[in-house]
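The sequence shown runs contiguously to residue 254 in the numbering used here. Glycine residues also receive a C-beta, built at the ideal position from the N, C-alpha and C atoms. The next block holds one structure in the form of structure tokens; read it before the comments.
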Amino acid sequence: MSYCKQEGKDRVVFVTEEDHNAPAAVSLPEEDEPPGLIQPDGEINWACPCLGGMTTGPCGVEFRESFTCFHYSTADPKGSDCFEPFSRMTECMSQYPNVYGSKNDDREMPKDELTSEDSSEIGHSEVSAKA
Numbered sequence: 124m125s126y127c128k129q130e131g132k133d134r135v136v137f138v139t140e141e142d143h144n145a146p147a148a149v150s151l152p153e154e155d156e157p158p159g160l161i162q163p164d165g166e167i168n169w170a171c172p173c174l175g176g177m178t179t180g181p182c183g184v185e186f187r188e189s190f191t192c193f194h195y196s197t198a199d200p201k202g203s204d205c206f207e208p209f210s211r212m213t214e215c216m217s218q219y220p221n222v223y224g225s226k227n228d229d230r231e232m233p234k235d236e237l238t239s240e241d242s243s244e245i246g247h248s249e250v251s252a253k254a
């Protein structure tokens, strides 16, 4: 037979081997699916791991302002009314290239490293974009 005694703020529970081997009578509630970026009520979930720490970095305030503007934008095209907060965010991020990367990091090849073939493709895409 198990028993319990109080020692100050602590509660000490003594159980018999028989009680210990019995299956637990506690049932845990089923876990809900973890919320994504947008919560069911339409609010932004700033704690979402999908944001990768952008909300807490050195430009976290600017990121949250620009993302909030885009999320709630009713302009056509969406976000076209968010130029100012986006500009502040990109300006801030350019001051921290070691945190946010720079324009010429692994994702983009500097123009002086382009081959002649790459240059002709760029020229062609610029011409076709103007047409």
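- In the DSSP assignment, Glu166 falls outside any alpha helix (DSSP H) and carries neither an H nor an E.
- Within the DSSP secondary-structure output, Gln129 pairs in a beta bridge with Arg134.
- Between the alpha carbons of Thr179 and Ala148 lies a gap of roughly 42 Å.
- Note on Cys173: under 16 other CB atoms within 10 angstroms of its CB, so exposed under the neighbour-count rule.
- Beyond the five residues adjoining it in sequence on each side, Asp204 comes within less than 6 Å, by CB distance, of Ser196, Ala198 in the same chain, given in chain order.
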